[in-house]
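Residue numbers (the numbering used here): 277 to 617.
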C-alpha cells in the first residue's frame, strides 16, 4: 500500500529485531515504563523515547517531524491522560480532548512514516457498564458506558476505530490492546486522581504511619475488579508485537475491530482487595466502607481466551504483585515527602 513499508522478519523467534527502531510513547507512565523495562531486559538496542518537554504529543507538527526524522519501525502507544473516578468526574473535557489529540497525532504520523506495527493501549472501561461477564472483545459498543469515565472511554473507543479504519484504508497493521486494571512501579499515588489500588496502598500506609484505627474506603466494597501487574502487561505487549505475520494478521480481521483483551481472568471484590493491602502493609485497623461514594462499574472481568489461545498467560499473582508495588514505593509513602493529596 502507498506510504507503508514492507516489513522484514529478522528477529530471532519473533517479528521485532533487536536492532528495530521502537518508539514508546509515554515511556514514563505506568504502562510505558513497564514496556521500556521489558524491552531493555530483552536486549532491544534502538529504543526511542521522548519526555513531554522534549516532544508534546498534542503538537501535530512536532509529532510528525519526530516521526519523519526518527522513522520508527514499531510503536507502542502508551501515552494517555489517565485517572480515577474523582479525576474523571472533575475533568471530563480534559480526558476526552487530550486523549483524542494524542492518539490522533501518533497514529497519523505512524502512517506517514511507514511504521510496520503499532500497538494502541486502551482500557477495559471501553466496554458497557453492565456488560456480560467476562467481557469479550465483541461486546464493544453493545450497551451504555459507565458515566463516570465515559469521556475517557469514548476517546479510547475512537482510538480502536482509528486503528481499524487505517488498517482497512491504508493497509496498516495497527492492533488495539485493552488491559484490565493495572498497578505496579511508577503508579500514581495522588489521592485526587489515582486508581483504586494505589489509593488503597497510600491510605493504608498513612493510616499505619499515623496510628489511625481505621481506613475509609470509597463505595460499598462489593464491586469486583481484575488487576494485572504492569510488568506482566509489558510482557504481553511484547508477546503480541513479536507474533509471526500469520498470527498477528489473524487479529486484524477487516470485519471486526483489531482488538484484544489483556488480563488475568480472575477478579476480587474491593473489600477483598482492601483486606489484601492491609495484610501486605501489616495494618490491623478497621476498614470502613462509605456507601455514599460511587462504586463505579459493578464488575469488570476480561475474557482473555483469545490471548490464552495465542499462548500468553500472566505470571504475577495479586498478593505478590501488591508486595512488589509496595516495595517500589515504600520509602516515598513512608517518608516526609508524600505526593499531593
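Heads up, the beta-carbon is just placed ideally off N, CA and C, and yes, glycines get one too.
Nonlocal neighbours in the same chain, by C-beta distance under 6 Å from residue i, ignoring five residues either side
i: residue 597; result: 505
i: residue 407; result: 415
i: residue 601; result: 459 and 460
i: residue 550; result: 476, 493 and 563
i: residue 319; result: 294
i: residue 463; result: 306 and 474
i: residue 547; result: 497
i: residue 403; result: 411 and 415
i: residue 377; result: 334
i: residue 325; result: 300 and 303
i: residue 604; result: 461
Sequence-distant residues of its chain with Cβ nearer than 7 Å to residue i (five each side left out)
i: residue 343; result: 385, 386, 388 and 389
i: residue 520; result: 291
i: residue 502; result: 456, 457, 539, 540, 542, 543, 576, 577 and 578
i: residue 311; result: 300, 352, 354, 510 and 513
i: residue 424; result: 361, 364, 365, 570 and 572
i: residue 591; result: 508
i: residue 286; result: In this prediction, residue 286 has a pLDDT of 33, which is less than 50 and means its spatial position is unreliable; nothing more can be read from the coordinates.
i: residue 599; result: 556
i: residue 302; result: 308, 354, 355 and 356
i: residue 336; result: 381
Identified DSSP bridge partners for residue i
i: residue 579; result: None, per the DSSP bridge assignment.
i: residue 545; result: 500
i: residue 382; result: Note: residue 382 sits in no beta bridge, so no partner.
i: residue 510; result: In DSSP, residue 510 forms no bridge with anything.
i: residue 566; result: 494
i: residue 478; result: Answer by DSSP bridge pairing: none, since residue 478 is not bridged.
i: residue 628; result: There is no way to answer for residue 628, as the model of the chain reaches only from 277 to 617.
C-beta contact flag for residue i and residue j at 7 Å
i: residue 357; j: residue 399; result: no
i: residue 565; j: residue 484; result: no
i: residue 397; j: residue 354; result: yes
i: residue 554; j: residue 480; result: yes
i: residue 439; j: residue 446; result: no
i: residue 499; j: residue 571; result: yes
i: residue 537; j: residue 580; result: yes
i: residue 351; j: residue 306; result: no
i: residue 339; j: residue 381; result: yes
i: residue 535; j: residue 452; result: yes
i: residue 595; j: residue 552; result: yes
i: residue 587; j: residue 489; result: no
i: residue 530; j: residue 444; result: yes
i: residue 478; j: residue 583; result: no
Where residue i falls: helix, strand or coil (DSSP)
i: residue 483; result: helix
i: residue 292; result: coil
i: residue 351; result: strand
i: residue 535; result: strand
i: residue 550; result: helix
i: residue 450; result: strand
i: residue 365; result: helix
i: residue 301; result: strand
i: residue 574; result: coil
i: residue 458; result: strand
i: residue 518; result: coil
i: residue 470; result: coil
i: residue 608; result: helix
i: residue 587; result: coil
i: residue 597; result: helix
i: residue 337; result: helix
i: residue 603; result: helix
i: residue 343; result: helix
i: residue 464; result: coil
i: residue 525; result: helix
i: residue 559; result: coil
Close beta carbons around residue i, own chain, < 8 Å, minus the five adjacent residues each side
i: residue 375; result: 356, 357, 428, 431, 432 and 435
i: residue 322; result: 295, 296, 297 and 298
i: residue 360; result: 469, 470, 471, 472 and 475
i: residue 442; result: 383, 387, 448 and 450
i: residue 372; result: 427, 428, 430 and 431
i: residue 347; result: 297, 389 and 390
i: residue 280; result: Because the pLDDT at residue 280 is just 37, under 50, the model does not fix this residue reliably, and the point stays unresolved.
i: residue 327; result: 304
i: residue 486; result: none
> Which runs of the beta strand (DSSP E) fall wholly inside the region 375-444 and span at least 3 residues, in chain order?
Replying inline: 393-397
* To do: Quick one: which unbroken alpha helix (DSSP H) runs of 4-plus residues sit fully inside the region 304-330? Chain order, please.
  => 306-318
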